[in-house]
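Undergrad: Residue numbers are given in the UniProt record's numbering: position 748 of the sequence shown equals residue 748, and the series is strictly consecutive.
Just so it is clear, CB atoms sit at the ideal spot from N, CA and C, and this is done for glycine as well.
Only a predicted model underlies this, so the values are computations on that prediction, with no experimental measurement involved.
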Amino acid sequence: MNKLNPRKLNYSPYPFKCIKPVRYAHLVAVSALRIHSRFEHNRLLKDAANSGRIDYARELFDEMPDRDEFTWNTMIASYANARRFGEARKLFNETPLKSSITWSSLLSGYCQHVCENEAFELFWKMQIQGQRPTQYTLGSVLRMCSKLGLLQMGQLIHGYSKKTQFDTNVFVVTGLIDMYAKCNCIFAAEYLFEMMPHSNNHVTWTAMITGYAQNGDGFKAIKCFRDMHAERVEPNQFTFPSILNACAAVLASEFGLQVHVCIVKGGFEANIFVQSALVDMYVKCGDVDTAMRVLKNMEVNDVVSWNSMIVGCVRQGFMDQALSLFHKMHSTNMKVDDYTYPSILNSLASSSDKQNAMSVHGLIVKTGYEAYKLVNNALVDMYAKQGKLDCAFNVFKQMEEKDIISWTSLVTGYAHNGSYEKAFKLFCDMRTFGIYPDQIVVASILSSCAKLTVLKFGQQVHAILINSGLGSSLSVDNSLLTMYAECGCIEDANRVFDSMKAQNVITWTALIVGYAQNGRGKDSLQFYDKMIASGTKPDFITFIGLLFACSHAGLVDNGLEYFETMHKVYGIIPGPEHYACMIDLVGRLGNFVEAKKLLNRMTTEPDAAVWKALLSACRVHGNLELGERAAKNLFELEPRNAVPYILLSNMYSTAGRWEDAARIRRLMKSKAINKEPGCSWMEVKSKVHTFMSEDKGRPRTAEIYKKIEEIMILIKEAGYVPDLKFALHDTNEEGKEIGLAYHGEKLAIAFALLTISEGATIRIFKNLRICGDCHAAMKYISKIYCRSIVLRDPKCFHHFTEGKCSCGDYW
Numbered sequence: 001m002n003k004l005n006p007r008k009l010n011y012s013p014y015p016f017k018c019i020k021p022v023r024y025a026h027l028v029a030v031s032a033l034r035i036h037s038r039f040e041h042n043r044l045l046k047d048a049a050n051s052g053r054i055d056y057a058r059e060l061f062d063e064m065p066d067r068d069e070f071t072w073n074t075m076i077a078s079y080a081n082a083r084r085f086g087e088a089r090k091l092f093n094e095t096p097l098k099s100s101i102t103w104s105s106l107l108s109g110y111c112q113h114v115c116e117n118e119a120f121e122l123f124w125k126m127q128i129q130g131q132r133p134t135q136y137t138l139g140s141v142l143r144m145c146s147k148l149g150l151l152q153m154g155q156l157i158h159g160y161s162k163k164t165q166f167d168t169n170v171f172v173v174t175g176l177i178d179m180y181a182k183c184n185c186i187f188a189a190e191y192l193f194e195m196m197p198h199s200n201n202h203v204t205w206t207a208m209i210t211g212y213a214q215n216g217d218g219f220k221a222i223k224c225f226r227d228m229h230a231e232r233v234e235p236n237q238f239t240f241p242s243i244l245n246a247c248a249a250v251l252a253s254e255f256g257l258q259v260h261v262c263i264v265k266g267g268f269e270a271n272i273f274v275q276s277a278l279v280d281m282y283v284k285c286g287d288v289d290t291a292m293r294v295l296k297n298m299e300v301n302d303v304v305s306w307n308s309m310i311v312g313c314v315r316q317g318f319m320d321q322a323l324s325l326f327h328k329m330h331s332t333n334m335k336v337d338d339y340t341y342p343s344i345l346n347s348l349a350s351s352s353d354k355q356n357a358m359s360v361h362g363l364i365v366k367t368g369y370e371a372y373k374l375v376n377n378a379l380v381d382m383y384a385k386q387g388k389l390d391c392a393f394n395v396f397k398q399m400e401e402k403d404i405i406s407w408t409s410l411v412t413g414y415a416h417n418g419s420y421e422k423a424f425k426l427f428c429d430m431r432t433f434g435i436y437p438d439q440i441v442v443a444s445i446l447s448s449c450a451k452l453t454v455l456k457f458g459q460q461v462h463a464i465l466i467n468s469g470l471g472s473s474l475s476v477d478n479s480l481l482t483m484y485a486e487c488g489c490i491e492d493a494n495r496v497f498d499s500m501k502a503q504n505v506i507t508w509t510a511l512i513v514g515y516a517q518n519g520r521g522k523d524s525l526q527f528y529d530k531m532i533a534s535g536t537k538p539d540f541i542t543f544i545g546l547l548f549a550c551s552h553a554g555l556v557d558n559g560l561e562y563f564e565t566m567h568k569v570y571g572i573i574p575g576p577e578h579y580a581c582m583i584d585l586v587g588r589l590g591n592f593v594e595a596k597k598l599l600n601r602m603t604t605e606p607d608a609a610v611w612k613a614l615l616s617a618c619r620v621h622g623n624l625e626l627g628e629r630a631a632k633n634l635f636e637l638e639p640r641n642a643v644p645y646i647l648l649s650n651m652y653s654t655a656g657r658w659e660d661a662a663r664i665r666r667l668m669k670s671k672a673i674n675k676e677p678g679c680s681w682m683e684v685k686s687k688v689h690t691f692m693s694e695d696k697g698r699p700r701t702a703e704i705y706k707k708i709e710e711i712m713i714l715i716k717e718a719g720y721v722p723d724l725k726f727a728l729h730d731t732n733e734e735g736k737e738i739g740l741a742y743h744g745e746k747l748a749i750a751f752a753l754l755t756i757s758e759g760a761t762i763r764i765f766k767n768l769r770i771c772g773d774c775h776a777a778m779k780y781i782s783k784i785y786c787r788s789i790v791l792r793d794p795k796c797f798h799h800f801t802e803g804k805c806s807c808g809d810y811w
């Protein structure tokens with residue numbers, strides 16, 4: 001087509017007649033310069049923003065004569081990414097034209113810094129304003145949902161992506177897979193992955209492998225990696241760490257070695273993240289030597305890799321190697337961080353190396369890491385496990401921020417080191433400060449309640465566990481069961497057992513031992529049969545409980561059968577504890593021939609428990625010769641224990657060997673060995689009351705002694721006869737009878753009858769075995785006063801009800 005001639009059309013191409021052609025050319029040139037200038041300004045602005053020079057970028061922005069959409073969006077994004085949201089929002093409001101990119105620039109900053117409320121508000125407002133989010137907008141929001149575990153919001157974004165047909169976009173679907181995987185909905189992630197039309201995107205494959213690994217399904221991650229390889233999709237530096245983590249989780253060292261080959265072939269062996277994952281994989285699979293070789297071949301000393309190596313050594317029990325690695329890091333001036341210190345402190349926690357512990361602590365202070373919570377928690381844990389409770393408490397006290405881990409480390413430290421009352425106090429303080437206990441601290445406190453037989457406090461902890469919604473675990477359930485059994489509430493222990501979703505050998509053993517201690521040996525044996533029927537194999541401790549049950553129920557044939565079964569059926573070599581139970585079992589019946597055979601069968605030297613069992617049997621049956629042998633061995637094994645001296649002296653007295661009895665008493669006196677005084681105690685209204693024999697130095701003494709007189713009159717009328725051989729004083733019969741009446745456990749029962757409401761169970765604890773006279777009296781008291789009495793001595797529980805005892809008078 002011919003060009004039109006302006007002159008013929010009487011038409012001028014210039015918009016204004018006053019402007020001549022030369023002037024128009026000048027304007028075109030100026031406009032071109034402006035475009036070029038704006039392009040240069042935008043380039044400088046972007047460079048400044050990308051390098052973090054935000055204030056300089058703002059100066060450029062303010063000086064620009066012409067700003068376009070790119071200019072505004074760049075400046076908004078730079079402010080938002082730097083978390084300077086006030087300035088970002090101000091510019092956003094001033095922007096003359098807001099496109100979807102403008103909205104996304106601000107939104108991405110909120111998502112990056114996980115400001116969920118602002119991000120979602122902007123996301124929905126953007127759509128109200130008629131702006132459609134891009135694939136990058138959805139990707140940013142999904143990444144935030146992944147970080148925060150916001151499943152419901154992620155599902156809403158998924159629904160939106162379907163409506164807007166973004167559900168086929170690889171970038172968005174990959175974000176959805178990652179979100180579902182991070183929110184523990186791996187099946188949803190798997191479904192999306194399988195429904196994707198394109199399978200050649202390594203980012204999507206990596207997201208799926210990572211999802212499997214993070215959800216603890218290492219085998220599916222391995223299968224996914226194999227499928228990726230079969231589809232000829234090349235893995236990258238992000239894929240390899242994920243698959244190596246999966247191999248480490250399931251200890252697939254052989255497949256990990258194949259992945260290592262792929263890494264070398266793909267040219268990723270120099271990548272610092274891949275190398276670190278290799279070290280971690282090898283060391284978790286127990287191949288410390290290969291892990292060390294990978295570490296040594298690294299061109300750059302990466303602190304993450306060294307940390308992985310140290311952690312691996314600690315987990316594998318190579319404490320010396322872990323300490324050596326730490327020394328190398330320090331000596332080569334490698335930056336030791338707040339992850340290195342906890343790892344090395346964990347290695348020192350299980351050792352008695354207190355010198356190195358103090359040295360590392362000093363280094364922590366010197367390098368300024370004492371303010372890090374992670375490091376302080378590890379310090380508290382280390383000192384607590386080493387038994388240095390004062391040091392643990394001092395670190396804890398100086399911490400500005402204490403979390404559940406800090407409290408748990410300290411509370412469990414006190415509990416495991418036998419400072420139970422301090423553990424209880426800290427547990428209460430922890431609750432006061434609004435820290436909700438976790439399962440570890442609950443299990444420790446319940447175990448402490450079992451040790452001290454503090455039933456009321458244990459019941460309160462049980463209530464806290466239920467009300468907190470914390471949920472239970474096998475360790476908590478086992479501790480709860482043990483607490484009730486150790487406190488004499490065997491029926492409650494049984495109820496805990498029945499409510500448990502799963503039981504292990506510890507569970508069954510705790511119940512077997514619990515029934516045995518509570519005088520129900522036959523029930524122990526029945527539970528053992530149920531345990532075997534369930535497919536659970538007994539262990540070393542189980543047989544101690546079984547033999548203890550047989551011993552305290554007089555079940556000789558059963559005891560001998562279980563003792564033989566240990567080694568023949570389960571390959572468990574009997575220890576001194578088992579021999580002590582067996583000698584007690586046959587010794588109670590006076591079968592010293594069998595007792596001697598058992599002594600001769602022992603592959604190790606008998607310990608104090610064995611000789612105590614033998615001496616006790618000899619005392620009952622008057623076997624002075626064997627009793628002398630047992631006592632003399634106890635003099636060597638427990639030179640400060642008064643019991644063997646007293647028992648042997650009494651045996652000499654019974655045999656009429658008065659000079660030998662006096663000699664043992666003099667020997668005991670010359671060594672300044674004092675008999676442990678008998679003590680009984682009970683808990684009334686959260687307060688512990690202690691009673692010694694003939695104790696008159698406590699409040700309400702007059703009432704207690706008056707109650708004793710009443711008790712003695714009533715039980716004598718019912719048939720009770722004082723057993724004077726248990727009298728403490730060598731006086732006339734009347735004096736001995738009075739002394740028996742004021743034994744500590746009788747004073748405790750009198751106090752209980754005065755203070756504990758009618759019908760409530762009376763619970764008394766005693767540091768020495770209950771004497772035969774008090775045992776007989778308790779049976780009468782339970783019948784006359786219609787009270788259930790639970791008395792625990794060092795050997796077992798005695799449940800007195802309606803004139804009978806659970807032990808069957810066999811203890």
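1. For N674, I'd like the list of residues in its chain whose CB is within less than 8 Å of its CB, leaving aside the five on either flank, ordered along the chain.
2. Measure how close the beta-carbons of V441 and T408 come, nearest whole angstrom, since I'm counting them as under 8 Å.
3. Could you please give the first and the last residue of the uninterrupted alpha helix (DSSP H) stretch that includes E683?
4. How about K779 and G744: do their beta carbons lie closer than 9 Å?
5. Kindly indicate the opening and closing residues of the alpha helix (DSSP H) around L667.
6. Roughly how many whole angstroms lie between the Cα atoms of E116 and L446?
7. Please classify M1 as buried or exposed, where buried requires at least 16 neighbouring CB atoms within 10 angstroms.
8. Whose CA, out of T412, G488, L585 and E231, lies closest to the CA of V620?
9. Quickly, what does DSSP pair C115 with across the bridge? List them, please.
10. What's the call for R792, buried or exposed, on a 16-neighbour Cβ count within 10 Å?
11. Inspect the beta-carbon positions of P342 and N301 and report whether they are closer than 9 Å.
12. Among S242, Y652, K612 and E625, which one has its Cα closest to the Cα of E636?
13. Identify, in the order they occur along the chain, each residue of the same chain with its Cβ nearer than 7 Å to the Cβ of A443, setting aside the five sequence neighbours on each side.
14. On the three-state DSSP scale, how would you describe M64?
15. Buried or exposed, going by whether 16 or more other CB atoms sit within 10 Å of the CB of W124?
16. Please look up how many angstroms separate the CB atoms of Q386 and A349, rounded, as I've assumed it's under 8 Å.
17. Whole-angstrom Cβ separation of A485 and S448, contact assumed at under 8 Å?
18. Just curious, the alpha helix (DSSP H) that T801 is in, first and last residue?
19. Taking the straight line between their C-alpha atoms, what separation do you get for F92 and V283?
20. I need the DSSP call for I572, collapsed to helix, strand or coil.
21. Could you give the residue range of the beta strand (DSSP E) that holds F691?
22. Given C391, which residues of its chain have a CB within under 7 Å of its CB, disregarding the five upstream and five downstream residues?
23. For Y570, is the classification buried or exposed, using 16 other Cβ atoms within 10 angstroms of its Cβ as the cut-off for buried?
24. Below 8 Å on the Cβ atoms is my guess for A631 versus A617; work out the distance and round it to an integer in Å.
25. Residues in its own chain within less than 8 Å of I756 by CB, not counting five upstream and five downstream?
26. Just to confirm, are L615 and L634 a CB contact at a threshold of 9 Å?
27. Check F318 in the structure and name its three-state DSSP category.
28. Comparing alpha-carbon positions, which option in V303, Q152, R58 and A750 lies nearest D338?
29. What are the boundary residues of the beta strand (DSSP E) that includes residue 824?
30. When the cut-off is 9 Å and only beta carbons count, does N377 lie next to chain D?
31. Curious, which full-length beta strand (DSSP E) runs of at least 3 residues does the stretch 271-350 contain?
32. Taking only three categories from DSSP, how would you classify R34?
33. Could you have a look at L763 and say whether DSSP puts it in helix, strand or coil?
34. My guess is that G488 and F797 are in contact by the Cβ rule of under 8 Å, so how many angstroms apart are they, rounded?
35. Considering only residues of the same chain and omitting the five flanking positions on each side of residue 813, which have a CB-CB separation below 6 Å?
36. At 4 residues or longer, and completely inside the stretch 185-266: list those alpha helix (DSSP H) runs for me, N to C.
TA: In short, the structure shows the following:
1. A642
2. 4 Å
3. From DSSP, E683 is part of no alpha helix (DSSP H) but of the beta strand (DSSP E) over C679 to V684.
4. no
5. W658 to S670
6. 40 Å
7. Summary for M1: the model assigns pLDDT 40, below 50, so the residue's position carries little reliability, and this model does not support an answer.
8. L585
9. According to DSSP, C115 bridges with nothing at all.
10. buried
11. no
12. K612
13. S475, V476 and S479
14. coil
15. exposed
16. 7 Å
17. That belief does not hold up - the Cβ atoms of A485 and S448 are roughly 15 Å apart, past 8 Å.
18. Segment F797 to T801 is the beta strand (DSSP E) holding T801; no alpha helix (DSSP H) there.
19. 51 Å
20. coil
21. K687 to M692
22. Y383
23. exposed
24. About 12 Å; that fails the 8 Å criterion.
25. V684 and I762
26. yes
27. coil
28. V303
29. Residue numbering for the chain in the displayed model covers 1 to 811; residue 824 lies beyond these limits and cannot be assessed.
30. Chain labels in this structure do not include chain D; a single protein chain is all it has.
31. none
32. Caution applies to R34, whose pLDDT of 48 falls short of 50 and renders its modelled position unreliable; the value that the coordinates give is listed next. Helix.
33. First, the residue type needs correcting, since residue 763 is Arg and not Leu in the sequence shown. Strand, per DSSP.
34. 5 Å
35. Within the shown structure, residues of the chain are numbered from 1 to 811, placing residue 813 beyond reach of any answer.
36. 186-195, 202-214, 218-230, 239-249 and 253-266
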